[in-house]
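Colleague: Next up is a structure, given as structure tokens.
Protein chains: 2
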Amino acid sequence: MLSDVMEDYLKSIYNLEREHEPPIATSTIAEYLDVTPPTVTSMAEKLESRGLIEREKYAGVELTPDGETVAVEVIRHHRLLESFLATHLDYDWDEVHDEADALEHHISEEFEDRLAEKLGDPTVDPHGDPIPNADLEPPEHPDTEVLADHAEGDALVVARASDRNTDELRYLADAGVQPGTELTVTEHAPIGLFVVEIDGEAVHLPERVAETLEVRPAADEVTDA
Amino acid sequence: MLSDVMEDYLKSIYNLEREHEPPIATSTIAEYLDVTPPTVTSMAEKLESRGLIEREKYAGVELTPDGETVAVEVIRHHRLLESFLATHLDYDWDEVHDEADALEHHISEEFEDRLAEKLGDPTVDPHGDPIPNADLEPPEHPDTEVLADHAEGDALVVARASDRNTDELRYLADAGVQPGTELTVTEHAPIGLFVVEIDGEAVHLPERVAETLEVRPAADEVTDA
DNA sequence: ATATATATTTAGATGCATCTAAACGACGGT
DNA sequence: ACCGTCGTTTAGATGCATCTAAATATATAT
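Protein chains in written order, with the numbering used here: chain C, 44 to 268; chain X, 44 to 268.
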């Protein structure tokens, strides 16, 4: 039986593997999970002995297929919960992450199934992240670019907002920006401010937000949802 | 911050105090939670040092008002979750207990509030147990008797089925017996079998089930729900 | 009243997840 | 090729929840 903490490590490594090329360094995981590096080393030894990760000392760590399956299941739980909280319990999309984190390790298969059924087997969660299917195949992460890389005049659709930074999410939610929102870049000010137009309104976004907000060209409509 | 385990001990002591007069003995708690007595002693010391229980060595344990409040909150979570699973996720009433046990320590105040709102502030759960209100006053447990104490011919309403024994619950659920069900005692056979009539049908119940199933006279209608 | 049975507590150990401090390996710059 | 820096691992400690075995207190029966 895997502990909650082990599941968290596997989920984190999975997420980090989408951002960086494996192997994932000890310090990267430590920072992501807000623990010290020796803690990561010791956990990595346990996960390796259970065949959930491969580990090269002093280099880093990579999920095995088994480890990836565990990670994908936890992520499926997380994103189904987020979707459920948003659509059935009236949570705002910037509030769902922490609650889903707390519950994701504790729901049964039964609960997972009923949730998916109730939601009509959704394929994306409220942040725009793909929801793995019941077979636990790792979902495709569609190609996106960050808003900050776009020039003035570009017409875009919001594809995904990272669910890890509560401040940024709240900012976006307050500004009415969510996956599916159409926007046009009005101005990329030299120092730290980004201006976009949404439904004719000018919305100002700090560069930090623009650097993490993922978008795709407005032309192609939602195909994957 | 209290651990999940501490919350479980407090909840258990609360439940045991409804059954036996305090103080509650070490071995009683040990058996209820399926741990060894020394484990209970050591946990009792911790809970005492936090002012959540009073403890008399070699005698047993009793909740303080603070301890009771914690227990009642956990029980509120548990019973709201049970109600939600039964009414919104199509769980059968004999399936909800384990899932609620797994989740009760991990939901936020926010989640609790939204659940209560969604359910219309229910006052009893699917087993017939009272749901504490948001002020966390300990709920009244209505006077009931067990089915096994009744004589042939008595007309009764099912008030409550303990949610701790999965086997018995499944038996009752299969037999169509649930809180609110009206029944008449047909036969109290001398050795271990109880026969009741429900909607004109004869239903056979093992004595073990009849000894835990709580009922009240059929005359007074549901007043408290 | 004393011996015996039973329940409780104490003592000491284990595994988990974490930490700090210290040792060690890898890697880039001169 | 060496040295120093930086990141990683080892070593050892802590707190939690649990166990078994042993000591001790309480209750019961004669």
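Cβ atoms here follow ideal geometry from the backbone N, Cα and C, with glycine treated the same way.
Going along the segment 126 to 149 of chain X in order, which residues come within less than 9 Å of chain C, judged by CB to CB distance?
Modeller: Leu128, His131, Leu132, Asp133, Tyr134, Glu138, Asp141, Glu142, Ala145, Leu146, His148, His149
Colleague: Count the other C-beta atoms from every protein chain shown that fall within 10 angstroms of the C-beta of X/Ser70, then say buried if there are 16 or more, exposed otherwise.
Modeller: In the second sequence, residue 70 of chain X corresponds to position 27, counting from 1. The residue in question, X/Ser70, is exposed, as its Cβ has fewer than 16 Cβ neighbours within 10 Å.
Colleague: Taking buried to mean at least 16 other C-beta atoms within 10 Å of its own C-beta, is X/Glu195 buried or exposed?
Modeller: The residue given as residue 195 of chain X occupies position 152 in the second sequence. Classification for X/Glu195: exposed.
Colleague: Please classify X/Lys100 as buried or exposed, where buried requires at least 16 neighbouring CB atoms within 10 angstroms.
Modeller: Looking up residue 100 of chain X in the second sequence gives position 57. By the neighbour-count rule (16 or more Cβ atoms within 10 Å), X/Lys100 is not buried but exposed.
Colleague: Helix, strand or coil for C/Glu60, going by three-state DSSP, please let me know.
Modeller: For this step, residue 60 of chain C is matched to residue 17 along the first sequence. C/Glu60: helix per DSSP, three-state reduction.
Colleague: Taking all protein chains shown into account, decide if X/Pro165 is buried (16 or more other Cβ within 10 angstroms of its Cβ) or exposed.
Modeller: In the second sequence, the residue the question calls residue 165 of chain X occupies position 122. Buried, by the Cβ-count rule.
Colleague: Using a threshold of 8 Å, state whether the C-beta atoms of C/Glu147 and C/Val117 are closer than that.
Modeller: The count along the first sequence starts at 1 and reaches residue 147 of chain C at position 104. The count along the first sequence starts at 1 and reaches residue 117 of chain C at position 74. A Cβ-Cβ contact shorter than 8 Å links C/Glu147 with C/Val117.
Colleague: Going by CA-CA distance only, name the one from C/Glu91, C/Gly94, C/Asp51, C/Ser92 that's closest to C/Ala73.
Modeller: Start at 1 with the first residue of the first sequence, and residue 73 of chain C comes out as number 30. Ranking the options by Cα distance to C/Ala73, first place goes to C/Asp51.
Colleague: How big is the Cα-Cα spacing for C/Ala145 and X/Asp192?
Modeller: As a first step, residue 145 of chain C is located in the first sequence; it is residue number 102 there, counting from the start. As a first step, residue 192 of chain X is located in the second sequence; it is residue number 149 there, counting from the start. Spanning the two alpha carbons is a distance of roughly 44 Å.
Colleague: With a 10 Å radius around its C-beta and 16 neighbouring C-beta atoms as the bar for buried, classify C/Glu264 as buried or exposed.
Modeller: Mapped onto the first sequence, residue 264 of chain C falls at position 221. The predicted position of C/Glu264 is uncertain, since its pLDDT is 48 and thus under 50; no value can be drawn from it.
Colleague: Quick one: using the 10 Å Cβ neighbour count with 16 as the cut-off for buried, is C/Thr266 buried or exposed?
Modeller: Within the first sequence, the letter at position 223 stands for residue 266 of chain C. Reliability of the predicted coordinates at C/Thr266 is poor, the pLDDT of 47 falling under 50, and the value obtained from them is presented with this limitation in mind. The residue in question, C/Thr266, is exposed, as its Cβ has fewer than 16 Cβ neighbours within 10 Å.
Colleague: Shortest alpha-carbon distance to C/Ala102 belongs to which of C/Thr130, C/Pro108, C/Glu64, C/His121?
Modeller: Within the first sequence, the letter at position 59 stands for residue 102 of chain C. C/Ala102 has its Cα closest to that of C/Glu64, out of C/Thr130, C/Pro108, C/Glu64, C/His121.
Colleague: Pick from C/Glu244, C/Leu212, C/Leu236: whose alpha carbon is nearest that of C/Leu226?
Modeller: For the purposes of this step, residue 226 of chain C is identified with residue 183 of the first sequence, where counting begins at 1. Checked all of C/Glu244, C/Leu212, C/Leu236; the closest Cα to C/Leu226 is C/Glu244.
Colleague: Thinking C/Arg213 and C/Asp172 are a contact (beta carbons under 8 Å), I'd like their distance in whole angstroms, please.
Modeller: Translated into positions along the first sequence, residue 213 of chain C becomes position 170. Translated into positions along the first sequence, residue 172 of chain C becomes position 129. Their Cβ separation, rounded to whole angstroms, is 18 Å, which puts C/Arg213 and C/Asp172 out of contact at 8 Å.
Colleague: What residue ranges within the segment 207 to 262 of chain C form continuous beta strand (DSSP E) runs of no fewer than 3 residues, ordered along the chain?
Modeller: 225 to 231, 236 to 241, 244 to 249, 257 to 260
Colleague: Output the distance between the C-alpha atoms of C/Asn66 and C/Ile56, rounded to the nearest integer angstrom.
Modeller: As a first step, residue 66 of chain C is located in the first sequence; it is residue number 23 there, counting from the start. As a first step, residue 56 of chain C is located in the first sequence; it is residue number 13 there, counting from the start. It should be pointed out that residue 66 of chain C corresponds to Pro in this sequence rather than to Asn. Cα-Cα distance, rounded: 10 Å.
Colleague: Alpha carbon to alpha carbon, how far is X/Ala232 from X/Pro222?
Modeller: Walking along the second sequence from the start, residue 232 of chain X turns up at place 189. Walking along the second sequence from the start, residue 222 of chain X turns up at place 179. Cα to Cα, X/Ala232 sits roughly 24 Å from X/Pro222.
Colleague: Let me check one thing: in DSSP terms, what residues is C/Leu199 bridge-paired to?
Modeller: Along the first sequence, read from residue 1 onward, the residue named residue 199 of chain C stands at position 156. Beta-bridge pairing links C/Leu199 to C/Leu226, C/Pro260.
Colleague: Using a C-beta to C-beta distance shorter than 7 Å, which residues of chain C count as neighbours of X/Lys161?
Modeller: Taking the first residue of the second sequence as position 1, residue 161 of chain X is located at position 118. Per Cβ cutoff of 7 Å: Leu132.
Colleague: For C/Pro169, count the other beta carbons within 10 Å of its own beta carbon; 16 or more makes it buried, fewer makes it exposed. Which is it?
Modeller: As a position in the first sequence, residue 169 of chain C is number 126, starting the count at 1. By the 10 Å Cβ count, C/Pro169 comes out buried.
Colleague: Considering only residues of the segment 50 to 109 of chain C, which uninterrupted alpha helix (DSSP H) runs meet the minimum length of 4 residues and lie entirely inside it, listed in chain order?
Modeller: Those alpha helix (DSSP H) runs which fall completely within the segment 50 to 109 of chain C and span 4+ residues are 69 to 76, 80 to 92.
Colleague: Is any beta-carbon of chain C found at less than 8 Å from that of X/Arg157?
Modeller: Numbered from its first residue, the second sequence carries residue 157 of chain X at position 114. Answer yes: the Cβ-Cβ gap between X/Arg157 and chain C drops below 8 Å somewhere.
Colleague: Below 8 Å on the Cβ atoms is my contact criterion, and I expect C/Val113 with C/Leu199 to pass it. Report the Cβ-Cβ distance as a whole number of Å.
Modeller: Residue mapping note: residue 113 of chain C aligns to position 70 of the first sequence, counting from 1. Residue mapping note: residue 199 of chain C aligns to position 156 of the first sequence, counting from 1. Going by Cβ atoms, the distance from C/Val113 to C/Leu199 rounds to 35 Å, so no, they are not a contact pair.
Colleague: Beta-carbon within less than 8 Å of C/Glu188's beta-carbon, same chain only, minus the 5 sequence neighbours each way: which residues are those?
Modeller: Along the first sequence, one-based indexing puts residue 188 of chain C at 145. These residues qualify, in order along the chain: Glu257, Val258, Arg259.
Colleague: Taking only beta-carbon positions, decide if C/Phe237 is within less than 8 Å of chain X.
Modeller: On the first sequence, residue 237 of chain C is found 194 positions in, with the first residue counted as 1. With 8 Å as the cut-off, C/Phe237 does not count as an interface residue toward chain X.
Colleague: What residues of chain X sit near C/Ser151, judged by a beta carbon separation below 9 Å?
Modeller: In the first sequence, counting from the first residue as 1, residue 151 of chain C sits at position 108. Within 9 Å Cβ-Cβ: Asp141, Glu142, Ala145.
Colleague: May I ask which residues mark the beginning and end of the alpha helix (DSSP H) holding X/His184?
Modeller: For the purposes of this step, residue 184 of chain X is taken as residue 141 along the second sequence, with counting starting at 1. Counting along the chain, X/His184 falls outside any alpha helix (DSSP H), and DSSP gives it neither H nor E.
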